[in-house]
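Read the structure below first, then the notes.
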Amino acid sequence: MATIDRIYILDGGIAEVEDGSIYSPGINVGVPMTLSCNAYLIRHRGEWLLWDTGIEDELAKHPEGRIIAHGIRGIVRRPIAGQLDEIGVRPRDISTILLSHAHFDHIGNVDLFENARWIAQRAEFEAMFGPEPEEFGYSLQHYRMLKERPYEIVDGDHDIFGDGAVRMIFTPGHTLGHCSLMVRLPRRGAVLLSGDVAHNRENLRHMRVPSFNADQQATVASMAKVVELLRVENAEIWINHDTAESVELPHAPDWID
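Taken in order, the sequence shown gives residues 1 to 257; the numbers are from UniProt numbering.
Structure below.
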């Protein structure tokens, strides 16, 4: 089975909340939490693919950040554009964008990548561009331009290149069309990029469902699907918002292969 060439973990900002129990009802009540927000630059067959785009770079002009949705404050200290420049990649070099879902900390910089097509789950696309995107915690202004760019609609799990190297894994619940991403690295092996199927390892272990998720039962089913997939594929998981785990992984301009 094919592998990607390498992956870069980009710092997509941080999210701060005053009450961590929004991610685990009844647990961490009143406890402030800081969550890592990463984006992932993938090189495969001479192409650049980006999984999620972090919090919008514009927030770097505001050191205190801004509360954007669900009472969550977004803060940006290292703009995505600058990190790409350190690697030697220009936004126009990105040919494909994949989004786990359309919340602000994953979709903030889509307007940087004018040449990229994007691939969307049908359920996510319909919620993003439906009559009431705010119902799902979306802000249409962050991604309105995506509808005018080339895109592909898919249903369920999807092999991006047809060779098993990069696979969208349908993990709905956090949002109606939420996805995770399985990538195969030449040396490290299979890695699942979690999206927001769970916000930290404890929540995944105990199947805790955030209070603002779109579908509680679907969330639990997706967590179970992920746990089984990790077993079958002998894969590790990088949980996007698990700050303690994130700081242990190399970030751009270093890469992982």
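Even for Gly, the Cβ is constructed at its ideal location relative to N, Cα and C.
In terms of residue numbering, what span does the alpha helix (DSSP H) encompassing residue i cover?
| i | result |
| --- | --- |
| Glu228 | 216-233 |
| His206 | 201-206 |
| Ser36 | That residue, Ser36, is in no alpha helix (DSSP H); its beta strand (DSSP E) goes 33-44. |
| Ala2 | Premise fails: Ala2 is in no alpha helix (DSSP H) and is neither H nor E. |
Give the secondary structure of residue i by DSSP, where H, G and I count as helix, E and B as strand, and everything else as coil.
| i | result |
| --- | --- |
| Ile68 | strand |
| Phe170 | strand |
| Val110 | helix |
| Asp105 | helix |
| His178 | coil |
| Gly162 | coil |
| Met145 | helix |
| Gly20 | helix |
| Asp52 | coil |
How many angstroms separate the CA atom of residue i from the CA atom of residue j?
| i | j | result |
| --- | --- | --- |
| Leu185 | Tyr8 | 12 Å |
| Ile68 | Lys61 | 15 Å |
| Tyr40 | Leu192 | 12 Å |
| Ile87 | Met145 | 26 Å |
| His251 | Leu84 | 12 Å |
| Pro172 | Val220 | 9 Å |
| Ser24 | Met207 | 9 Å |
So, is residue i buried or exposed, given that buried needs 16 or more other C-beta atoms within 10 angstroms?
| i | result |
| --- | --- |
| Asn115 | exposed |
| His241 | buried |
| Val247 | exposed |
| Asn109 | buried |
Could you give the residue range of the beta strand (DSSP E) that holds residue i?
| i | result |
| --- | --- |
| Gln121 | 117-121 |
| Ala190 | 189-193 |
Cβ of residue i less than 9 Å from any chain C Cβ?
| i | result |
| --- | --- |
| Gly12 | Any reference to chain C falls outside this structure, which holds one protein chain only. |
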